[in-house]
Amino acid sequence: MVRTWTFADNCGNTSSVSQTITVNDDTAPVAPAAPADITVECSDDVPPASDLKATDNCGGVIDGVSTDVSDNGSCPEVITRTWTFTDACGNQSSVSQLITINDTTDPVITCPTDTDFGTVLDTPTFDLSPLSATDNCDDQLNIEYVDADDSTYVPGTGFEDPGAVYKFICQTPGLPLFDFVTFTWDGTYTDVGVGQPKANYTPDAGHPGWELKFVVGIIRPDGGGLTNDWVLYNENGDPQNIETGKLAVKNSQNNEPSFPDCDANWQETDLLEAAQPEGYNCKILRVECLGLEVGGPGVTCYTKVRSFMATDDCGNSAMCSVIYTWKIEDAPLTQAPDNNDQVIGELELDFQAYPVPFDTELTVKYNFEFDTDVTIQVFDTKGLLIYSDSHNGYRKDNDVRTKIDLSRGGDQVFYVTVNTNRGSVTKKVVSSTLKKR
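In this text, residue positions in the sequence shown follow our numbering: the first is 8, and each later residue adds one.
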């Protein structure tokens, strides 16, 4: 800009001088302070941009223009929100705010209630999804489930004592109950010199070498001296040192009965109560006796723990579990088994099946007082024939042993029938391997 002064006299003569004034705004607007950085859980929680204003030496108040730029990350994602202020001469200033999106909240999941189906003919159907699963950010959660299955066979006929199947349950304060170990009477007794002969037990397949037996002269864990009672041992039990591997001792068991009573009155040792890895972190032993009355059918007791897990896009997860229980009784055979030896005239018809219980291979031994053809049959609990073998031309008074592989059998109980031309006899055998379905 040129500013001119002109001077004129009375006769109209003029002269002038000029000044050049340059107007050049090179000062940026004065930006306000940016909002504080924030962290939110969900993208929907990101607030709209605030209306920020700057002041300018020439233009007065200038409105800011906001832009959001994401780093395209995930869990967390960081957004840089920038406000830019520009005056009429193109001078600029800016401020920025960091917005972090990071979901750290677990979903909320609700399971169906526990269900006891009672005694059924076939395996029940189970829930395939939780009752509900919601999340603070995600509408579509990833839902998965895993199953933990367990089954215990409770023999029927001949297992009249309630303690014939003795199940220990572990209780630790603050943790769920869990099945610890289960023992099944093998049908035999041992005379320990105190009271009646004591039942001999076989542990479940998950605890080989464990023992439940009556011991004379065991030290009470509570410091009360020696006692004669039932003792729970782990696999380190030593017949030469009855204190080795001792997990718990029955408290005040009567010396007379052949089976341990069902009172949950056991004294736990330090070995049982110690935390992992030294021990089992089991503070209190509960027991459940599963023996049936004489004449009752064998029953397989099943437990399924189905745990549902809901996971959101950030990996936050929540889990709930539902417990299903049910029982399936042994089905009657097409030819009813008879566990007693048969006497035909003056001839005794009998055979041996061992070991009791067996693992995967069963040996059948017979010696008859007559010549005959022999057929060995094995039935499962549904009465289905799963093995058959014929020995033709047997000659009397000869020992014959037949090994039978039952590792592919689907049950824990089988019925073995030996057929001759003088009749047949059937016996029940029990596998030591816990079958899961």
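Note that beta-carbon positions come from the ideal geometry of N, C-alpha and C, so glycine has one too.
Taken in chain order, the whole alpha helix (DSSP H) runs of length 4 or more contained in the region 230-317 are 277-280.
Distance from the CA of residue 357 to the CA of residue 437, rounded to the nearest whole angstrom, comes to 18 Å. When the beta-carbon positions are compared, residue 87 and residue 99 stay at least 7 Å from each other.
Counting along the chain, residue 99 sits inside the beta strand (DSSP E) bounded by residues 99-108. Of the candidates 199, 76, 137, 46, 46 places its Cα closest to the Cα of residue 82. A check of alpha carbon separations from residue 410 across 366, 399, 377, 307 identifies 366 as the nearest. In the DSSP assignment, residue 151 falls within the beta strand (DSSP E) that extends over 149-161. Here the C-alpha atom of residue 140 lies approximately 12 Å from the C-alpha atom of residue 119. Leaving aside the five residues that flank residue 133 on each side, the residues in its chain whose CB is nearer than 7 Å to its CB run, in chain order, 311, 313, 331.
Burial check for residue 432: the Cβ neighbour count within 10 Å reaches 16 or more, so the residue is buried. Under the DSSP assignment, residue 399 falls in the beta strand (DSSP E) whose first and last residues are 392-401. The Cβ-Cβ distance between residue 296 and residue 327 does not fall below 7 Å. For residue 177, the number of other beta carbons within 10 angstroms of its own is at least 16, and it is reported as buried. Secondary structure within the region 28-111: the beta strand (DSSP E) runs of 3 or more consecutive residues, fully enclosed, are 45-47, 60-63, 67-70, 72-77, 84-93, 99-108 (chain order). Under the 10 Å beta carbon count, residue 316 is surrounded by 16 or more other beta carbons and is classified as buried. As computed with DSSP, residue 177 is found in a beta bridge with 185, 292. Note that the C-beta distance between residue 254 and residue 235 is not below 7 Å.
Closest option to residue 257, judged by alpha-carbon separation, among 245, 359, 224: 224. Annotated as distal: residue 96 and residue 52, with beta-carbon spacing of 7 Å or more. Counting along the chain, the unbroken beta strand (DSSP E) around residue 140 starts and ends at 139-141. With a beta-carbon spacing of about 16 Å, residue 112 and residue 149 fall beyond the 8 Å limit used to define contacts.
Contact check for residue 22 and residue 14: beta-carbon distance about 5 Å, within the 8 Å limit, so the pair qualifies. If you look at residue 210, you'll find it in the beta strand (DSSP E) that goes 205-210. DSSP places residue 371 inside the beta strand (DSSP E), whose first and last residues are 368-373. Across the structure, residue 68 and residue 78 are spaced so that their CA atoms are roughly 32 Å apart. Within the DSSP secondary-structure output, residue 430 pairs in a beta bridge with 427. The beta carbon of residue 49 lies closer than 8 Å to those of 108, 110, 143, 144 in the same chain, with the five residues before and after it left out.
Residue 209 is a Cβ neighbour of residue 193, given a cutoff of 7 Å. When C-alpha distances from residue 245 are compared across 265, 188, 216, the shortest belongs to 216. A check of alpha carbon separations from residue 408 across 370, 422, 294, 392 identifies 370 as the nearest. When the beta-carbon positions are compared, residue 237 and residue 260 come within less than 7 Å of each other. Around residue 424, the same chain offers 384, 431, 433 as residues with beta carbons nearer than 6 Å, after the five sequence neighbours per side are excluded. Counting of Cβ neighbours within 10 angstroms places residue 137 among the buried residues, the total reaching 16 or more. Around residue 76, the same chain offers 87 as residues with beta carbons nearer than 6 Å, after the five sequence neighbours per side are excluded. Contact between residue 402 and residue 378 holds: CB atoms are separated by about 6 Å, below the 8 Å threshold.
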